[in-house]
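Protein chains: 2
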Amino acid sequence: MTNQFLKKGSLIAISIIAFAILAGHSVGSQGREKAAERSNFGIAIHGGAGVIVRQNLTPELEQEYRTKLTEAISAGYDVLRNNGKSLDAVEAAIRILEDSPLFNAGKGAVFTHEGTIELDASVMDGQTLKAGAIASVKHVKNPIGLARLVMERSPHVMLVGDGAEAFAKEQGITVVSQEYFFTEKRWKQLQEILEKEKKARDSSDRKNLNALPSEEIDGRHGTVGCVALDKFGNLAAGTSTGGMTNKRFGRVGDSPIIGAGTYANNATCALSATGDGEYFIRAAVGHDVSALIEYRGLSVQAAADAVIAKVGALGGSGGVIAIDKEGRIAMSYNSPGMYRAYIDGAGKAVVKIFKE
Amino acid sequence: MTNQFLKKGSLIAISIIAFAILAGHSVGSQGREKAAERSNFGIAIHGGAGVIVRQNLTPELEQEYRTKLTEAISAGYDVLRNNGKSLDAVEAAIRILEDSPLFNAGKGAVFTHEGTIELDASVMDGQTLKAGAIASVKHVKNPIGLARLVMERSPHVMLVGDGAEAFAKEQGITVVSQEYFFTEKRWKQLQEILEKEKKARDSSDRKNLNALPSEEIDGRHGTVGCVALDKFGNLAAGTSTGGMTNKRFGRVGDSPIIGAGTYANNATCALSATGDGEYFIRAAVGHDVSALIEYRGLSVQAAADAVIAKVGALGGSGGVIAIDKEGRIAMSYNSPGMYRAYIDGAGKAVVKIFKE
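Protein chains in written order, with this note's numbering: chain S, 7 to 362; chain P, 7 to 362.
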């Protein structure tokens, strides 16, 4: 009897909670409709999350980042404004970030333990759920372009290593020597980490040197990504990275993993992630944000916040950008900063770097 | 005023629906508790889905499959019965399937277009959400063992290609020459497909030869996998494959993709998939089944059926095995058959191959 009563009581309590949630949701839905009226397309980019704090950036370098982020977001936005496809906008924006030495992707990629460059990227089309991904390629100037070719000109989703490079050559896209990717900054970052590793090895019995918390090492990782909604209601997402400084053993992070670092589904949202890739894979970040929107009715911002909290609970640091089917943009991160930009309702680029 | 009233009315209606759903869910939970009393641990395996029909199997070959599936499920079950961990049960069962020439994993792996062997595998621990995956390795006798070492002895989740092999050697696990993987059956399958490709190339303008529907080609793919719940309430899942006969360009399917071919989460279920990997990646099969259980309250069978239906709608064929936190097993597939086995309530192995 008591048990019966408790159950009934708890059901009523649950019902009240459900009522409250659904009431909140209902108001949220109204807000969405208004947002859809304001803007029928949209775009956001990120240039990596990490220990990005004001004292680590000179005003000159900060300006360089702001200029390049503005250039990239504007290029993507122009595609959309001129009735282009979200996939084209995503690729246009990411190519600019890949060609810049500022970001850990393409030209500015970080070095592996062996002093080589190994690039990962992926792209997903929210209309068809088609996707393309490449991992561990060493000579492709624009990995995002190769990922798109995998999606559009192969029956596959993911190609890795030498095989992916053979496909790149067959498709005739630009291949470069490893020297193309050399930047003094990244080389120094590798040397610093190798030095720290050596010290750690000498001074302690620390088992897992690669597991040094990312907070200890600035510039250890980073990624670029873009999400877009075009005027035809189609979402797309893309991500590109050099991975983690000092990575070994053909390590692949979340960037080329569909459902983790990249996801797009016209029914929910498009998303691109950046951060400690291992945690983002384990948390299936991209698909989880989508599932919370689809199955729980969360807003894109609430879903992104919830999943970044899960990543944090696992011990991971980083962030995501996402855009939903009504063009609402979410940016969520638990790191000190994230290079990011979007275009506001007035068509103006808004660039942010630090926590605000 | 009317608007206000409508809003209030619809909220009350939603609340009643929510109450009904939650009440139903509560009843479902009771059913689950009973199931948990019946069996506090469980295990299931698969040996691949595809065009597996009676007329393609001689009685002798069918018996060979049944014997090996029984051996594998029994080995995993023994681990659980003797208070072992679900991860150990998963690895034990998969090693037996990998060592058999019958299945497309380890010893029985299919050939790539170039006549080489490239193996993928992954494993996930539902308690910690830790995971390990390897792709495109050519000399590792038991890829599932390497995936587990990536999870337990590296800070990474995924290693690919030569790097993964270097890690394997560093860890001292068994490496073999490519000759170890040679089987007459797989070699003939490759030659048949190459011949069909040649004919198709000669006789038609078919653009995408690799996109031949899998129904046209028996033995084109296949995978082995295992899911288990141990007496401590911990779920684990693992998957291992040789990929697709005639695969090119370092193609990687869903087997090593956490959230697609493999997923485990103590809060929901453990899952292993087999089939047209590209579709399983795009549908984020593993995480979607988990999300439908967690966010929508579906049973593991209903969630598996729903996601296999989505894969089918995209054009993909294959199946999944899954086990939930109360030990309930689901097997769902849209192909003509799937090699599969589980242990029933009486501790007896149940092996199935064809549609029933």
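Just so you know, even glycine gets a beta-carbon here, dropped at the ideal spot from N, CA and C.
Select from the options the residue whose C-alpha is nearest the C-alpha of residue i.
| i | options | result |
| --- | --- | --- |
| residue 254 of chain S | P/337, P/247, P/172, P/284 | P/172 |
| residue 194 of chain P | P/130, P/119, P/264 | P/119 |
| residue 99 of chain P | P/354, P/81, P/106 | P/81 |
| residue 282 of chain P | P/311, P/341, P/333, P/276 | P/341 |
| residue 175 of chain S | S/258, S/148, S/232 | S/148 |
| residue 132 of chain S | S/117, S/76, S/92 | S/92 |
| residue 113 of chain S | S/135, S/58, S/145, S/348 | S/145 |
| residue 116 of chain S | S/196, S/277, S/332, S/238 | S/196 |
| residue 140 of chain S | S/239, S/53, S/248 | S/248 |
| residue 177 of chain S | S/161, S/284, S/156, S/163 | S/156 |
Taking the straight line between their C-alpha atoms, what separation do you get for residue i and residue j?
| i | j | result |
| --- | --- | --- |
| residue 85 of chain P | residue 84 of chain S | 60 Å |
| residue 358 of chain P | residue 244 of chain S | 41 Å |
| residue 71 of chain P | residue 168 of chain P | 33 Å |
| residue 102 of chain P | residue 108 of chain P | 11 Å |
| residue 32 of chain S | residue 300 of chain S | Here residue 32 of chain S scores only 33 on pLDDT, less than 50, and its place in the model should not be relied on; the value that follows carries that caveat. Their backbone Cα atoms lie some 15 Å apart in a straight line. |
| residue 346 of chain P | residue 121 of chain S | 46 Å |
| residue 273 of chain S | residue 88 of chain S | 24 Å |
| residue 56 of chain P | residue 128 of chain S | 28 Å |
| residue 324 of chain P | residue 191 of chain S | 47 Å |
| residue 288 of chain S | residue 293 of chain P | 10 Å |
| residue 352 of chain P | residue 271 of chain S | 44 Å |
| residue 64 of chain S | residue 230 of chain S | 21 Å |
| residue 136 of chain P | residue 154 of chain P | 10 Å |
| residue 123 of chain S | residue 250 of chain S | 10 Å |
| residue 279 of chain S | residue 67 of chain P | 47 Å |
| residue 329 of chain P | residue 179 of chain S | 45 Å |
| residue 309 of chain S | residue 236 of chain S | 22 Å |
| residue 74 of chain S | residue 262 of chain S | 23 Å |
| residue 334 of chain P | residue 48 of chain P | 8 Å |
| residue 104 of chain P | residue 152 of chain P | 12 Å |
| residue 246 of chain S | residue 209 of chain S | 36 Å |
| residue 252 of chain S | residue 203 of chain S | 10 Å |
| residue 291 of chain P | residue 201 of chain S | 42 Å |
Between residue i and chain B, is any beta-carbon pair separated by less than 8 Å?
| i | result |
| --- | --- |
| residue 163 of chain P | The structure shown contains no chain B; the protein chains it does contain are S and P. |
8 Å is my cut-off, CB to CB: does residue i come that close to chain P?
| i | result |
| --- | --- |
| residue 60 of chain S | no |
| residue 350 of chain S | no |
| residue 359 of chain S | no |
| residue 100 of chain S | no |
| residue 339 of chain S | no |
| residue 343 of chain S | no |
| residue 284 of chain S | yes |
| residue 150 of chain S | no |
| residue 138 of chain S | no |
| residue 302 of chain S | yes |
| residue 297 of chain S | yes |
| residue 293 of chain S | yes |
| residue 166 of chain S | yes |
| residue 244 of chain S | no |
Measuring only between beta-carbons, confirm whether residue i sits less than 8 Å from chain S.
| i | result |
| --- | --- |
| residue 10 of chain P | Residue confidence is low: residue 10 of chain P scores 42 on pLDDT, short of 50, so the model does not pin down where it sits. No coordinate-derived value is stated. |
| residue 117 of chain P | no |
| residue 142 of chain P | yes |
| residue 52 of chain P | no |
| residue 169 of chain P | yes |
| residue 135 of chain P | yes |
| residue 228 of chain P | no |
| residue 192 of chain P | no |
| residue 179 of chain P | no |
| residue 265 of chain P | yes |
| residue 123 of chain P | no |
| residue 290 of chain P | yes |
| residue 173 of chain P | yes |
| residue 256 of chain P | yes |
| residue 199 of chain P | no |
| residue 320 of chain P | yes |
For residue i, which beta-bridge partners are listed by DSSP?
| i | result |
| --- | --- |
| residue 230 of chain S | S/246 |
| residue 357 of chain S | S/347 |
| residue 128 of chain S | S/139, S/245 |
| residue 111 of chain S | Partner(s): none; residue 111 of chain S has no beta bridge. |
| residue 279 of chain S | S/326 |
When every heavy atom of the ligand NAP is checked, does at least one fall within less than 7 Å of the C-beta of residue i?
| i | result |
| --- | --- |
| residue 203 of chain P | Inclusion of the ligand NAP in the displayed structure is not the case, the ligand content being empty and no account of it being possible. |
- Every unbroken alpha helix (DSSP H) inside the segment 284–341 of chain S [4 residues or more]: Counting whole runs of 4 or more residues, the segment 284–341 of chain S contains the alpha helix (DSSP H) stretches 291–302, 306–320.
- Message: Which runs of the alpha helix (DSSP H) at least 4 residues long sit entirely within the segment 36–93 of chain S? Give them in chain order.
- Response: 65–87
- Query: Which residue spans inside the segment 146–219 of chain P form an unbroken alpha helix (DSSP H) run of at least 4?
  - Reply: If we require 4 residues or more, the alpha helix (DSSP H) runs fully inside the segment 146–219 of chain P come out as 149–159, 167–177, 190–209.
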